């Protein structure tokens, strides 16, 4: 019988399947998954099907309550709130998503380097990260955006850099644990290159932690982007930004609460949804504590 | 049934703990799992009942069920638990809380986890006295000091004022025992109380428990996997396997007549202290402990039993009384009774080619490894000349081709650091490492590929040995890929390696989490072999495995040594295993070797006083063996402030005076290959010492060829 050594391809398939099974086991995770999928579909395809142009003003129809014509009502310029919320979702995913992705990528790199080499490099990097973490995030973001000027890219950069220290610390702590495991030492003993040890031996074991941390960073990034938008430092008008929409609707809250309600609710629901998914990922990818499987 | 089936209850006339037909289940995704089935046991006052079994046998679950402290998904299905007449299972949970800590107390494996690190020792004992004995503050304080005194603690008043981190593991375990005994409990449950301790400390704790029992007339349930400890301390013993008790009786009955094949299997797995790999091979039990959710029908041990009959596979046997008070769950116990050496007689002479003394493969001279203690690299920029931990402090040794050098010593003696220095995973501070006569760099990264592949390592923890993301085939083939072999040849070699370590070829595409600990360790050995090394460093490769798996691995290592002519540096704290597998033994204490010689010589007087104490502390699974009782005071000093003169002087029972404190002891040659580092002259040592381990003359086990 010819037995050939297969790679872990099959294992990956069964792993995906077991993740899916894990998702289904917990109601909250299913709800979170559902919410995120819905928002994602909305962000991708929504702008193609919206009933009105998000920037189209109609002063005569300003501040109208939800109706068949405008299901989320209209704002103070008579713009359709529904269309603005739908189109705005795209910005949330792109800006917060890119910000979180940037933090994850750079954090992964710095964490790997800092954790694996240790020594002076690690000391310097970590002190630097601590300095960054010591400054309140929103304050730092405001400072930078005020001085650099706010743009689509600068918001992404600011959000990304803000979360690098957290991701770096998580990755570093995992690397510190993994690099002393016997399989890494065995790799050193057989003379593997540093690249192989970092990317083939250590990295696969960091990825589950990174996925959980990344999803958590996405939650915070959504909040941060909305906060910056609220302060007028986010994506510039007339492009719809949920945070800025909330800010704009404040003066009219007593007469037209729906203008504030729908974007605010969207932020809240998406944040809760992503948190549920994040918790689910943590439970599935990083099982700690006592699981009943141990006795089986 | 007949009188053959006299109920077990009558054996202990007036039991404190009376467990009858206890069945415990855990609810899991795959349905209920019956982890403990129909277990009955009785323990009288002043009796130590040993519950022994491999991991997964259900012994801890049984203990937890007795105190009704099961995990959330655990449930007691049937049976009764009576403590001094009280039916514990009928008590409401609120009443159980009064039982815990006063009538039943527990001592666990890890003493550091059992005490609160933020409260002084005295206060922790006093707290129990106030809570359960309703003593006043002053009385409780006095009680705490009295308890510490009873634990033979030196200077109890000062110990009472200390915090847990200021005490060693052995001292802390004494504190935990003191806490457990403060309320004068009826039942003391000890769950692997000495497993995390060194042999010398373990021996002292066992002595203490034995002495305390004369004063405290409680029942003790002593759970352990170590048969030697059971033989040492227990009155009666129950052998547990996959949730059932298979044999029960007094220690003498069980260890002498061994009326169950499993008991014989377990004892056959352990190398006797006089055994040598050249004349005796170990009898490993084939197969694995069954999973609790797919138990075999009939006798649960039948799939692994070598004297199984058809009937064994269909009818589940119950415990029968073979001798007075000696029960076995084997249908064929009469055969075992008539043939005391059956199943154990496969310890035939091994076909081990005694080869010529080969050239020295590895020679290390004056290896030192000093770690600096500092807050980090950043801090060390500003602070120079900080304190040093001298983990290895001038060790010289040599390993000959095809031979095994065993390194023994208590934890913290530097044996692991030494092996990591030789492997190049730690850079030695100074010294010379020669591989086949050629000086090699300290760091593995600076060694040539040929030097690297010559030295491989098998690690302690099988779970960490293999990257969970690669199939075991990939793990084993990786060294071959690095050597640049063609794909065809790699597959052929991997298949040979799997055969060499006795793993089926269809395991190749499995992932590490699908393997048992023993199988993982086989893969780790296969991976080390793949590089075709001349020397394999084995760093406690057996310590996390069950005895039956250990025996198979020891046999495998010896077989591979014989077929591949590999040398081993075998590091272990298990002296019996080291004695068995090694040709040469080095005894280490605080970073130095204090005795080195051939395995037989080291186990015979004259001994270095430290070796003598180590040997006397080995728990030997044979009640017929007499051991000298030499106990060490205190614990191993820190490697930062090393004692002056002879490093062992402050614990040495044979210290001769000032010279030991002031001068470094000289090396003395006992014979060509046996050296001792001590101030006492060899003649004096010979006068002072007798053989530490002696098998008693009337023992039937004496008849073994040597």
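Protein chains in written order, with the working numbering: chain A, 1 to 296; chain B, 1001 to 1706. Every residue gets a Cβ at the ideal spot worked out from N, C-alpha and C, and that includes glycine. If you're wondering where the values come from, they're calculated on a predicted model, not measured in any experiment.
Which residues in chain B sit within 9 Å of residue i, going by Cβ to Cβ distance?
i: residue 286(A); result: Residues of chain B passing the Cβ test: none, with the nearest at roughly 13 Å.
With a 10 Å radius around its C-beta and 16 neighbouring C-beta atoms as the bar for buried, classify residue i as buried or exposed.
i: residue 1338(B); result: exposed
i: residue 268(A); result: exposed
i: residue 1069(B); result: exposed
i: residue 153(A); result: exposed
i: residue 1404(B); result: buried
i: residue 1065(B); result: buried
i: residue 131(A); result: exposed
i: residue 1148(B); result: buried
i: residue 1584(B); result: buried
i: residue 1673(B); result: exposed
i: residue 253(A); result: exposed
Whole angstroms are fine: how far does the CA of residue j sit from the CA of residue i?
i: residue 1693(B); j: residue 1570(B); result: 23 Å
i: residue 296(A); j: residue 1291(B); result: Residue confidence for residue 296(A) is low, a pLDDT of 26 falling below 50, so the modelled location carries little weight and cannot support an answer.
i: residue 1671(B); j: residue 1463(B); result: 42 Å
i: residue 240(A); j: residue 1293(B); result: 59 Å
i: residue 314(A); j: residue 1109(B); result: Absent from the structure is residue 314(A), since the part of chain A shown begins at 1 and ends at 296.
i: residue 211(A); j: residue 18(A); result: 16 Å
i: residue 175(A); j: residue 281(A); result: 20 Å
i: residue 72(A); j: residue 264(A); result: 12 Å
i: residue 1639(B); j: residue 1154(B); result: 22 Å
i: residue 1394(B); j: residue 1680(B); result: 21 Å
i: residue 1472(B); j: residue 1035(B); result: 31 Å
i: residue 1474(B); j: residue 20(A); result: 27 Å
i: residue 977(B); j: residue 1296(B); result: No answer is possible for residue 977(B): the residues shown for chain B start at 1001 and end at 1706.
i: residue 958(B); j: residue 1519(B); result: Outside the displayed range of chain B (1001 to 1706) lies residue 958(B), so it cannot be described from this structure.
i: residue 1209(B); j: residue 1492(B); result: 56 Å
Looking at the C-beta of residue i, does it have a partner C-beta in chain B at a distance below 8 Å?
i: residue 208(A); result: no
i: residue 182(A); result: yes
i: residue 248(A); result: no
Could you name the residues of chain A that residue i contacts, counting a contact when the two beta carbons are closer than 7 Å?
i: residue 1444(B); result: 188 and 189
i: residue 1531(B); result: 190
i: residue 1542(B); result: Per Cβ cutoff of 7 Å: no residues; residue 1542(B) is ~15 Å from chain A at best.
i: residue 1400(B); result: Those do not exist, as residue 1400(B) stays about 22 Å from chain A at its closest Cβ, beyond 7 Å.
Which whole-angstrom value is the C-beta distance of residue i and residue j, which I expect to be below 8 Å?
i: residue 1128(B); j: residue 1101(B); result: 7 Å
i: residue 1466(B); j: residue 1523(B); result: 6 Å
i: residue 171(A); j: residue 111(A); result: 3 Å
i: residue 1252(B); j: residue 1323(B); result: Going by Cβ atoms, the distance from residue 1252(B) to residue 1323(B) rounds to 10 Å, so no, they are not a contact pair.
Does residue i have its Cβ less than 8 Å from a Cβ in chain A?
i: residue 1453(B); result: yes
i: residue 1232(B); result: no
i: residue 1113(B); result: no
i: residue 1479(B); result: yes
i: residue 1423(B); result: yes
i: residue 1493(B); result: no
i: residue 1522(B); result: no
i: residue 1278(B); result: no
i: residue 1527(B); result: yes
i: residue 1449(B); result: yes
What residues of chain A sit near residue i, judged by a beta carbon separation below 9 Å?
i: residue 1457(B); result: 182, 185, 186 and 189
List the residues of chain A whose Cβ lies closer than 8 Å to the Cβ of residue i, in chain order.
i: residue 1482(B); result: 190, 191 and 192
i: residue 1461(B); result: 182
i: residue 1464(B); result: 181, 182 and 183
Can you name the residues of chain B whose CB is closer than 7 Å to the CB of residue i?
i: residue 204(A); result: 1469
i: residue 201(A); result: 1467
With respect to 7 Å, is the separation between the Cβ of residue i and the closest non-hydrogen atom of the ligand PLP below this value?
i: residue 150(A); result: The ligand PLP is not part of the structure shown, which contains no ligands of any sort.
What residues of chain B sit near residue i, judged by a beta carbon separation below 8 Å?
i: residue 130(A); result: Chain B residues near residue 130(A): none, gap ~12 Å exceeds 8 Å.
Does the beta carbon of residue i sit closer than 8 Å to a beta carbon anywhere in chain E?
i: residue 212(A); result: The chain inventory of the structure shown lacks chain E, comprising the protein chains A and B.
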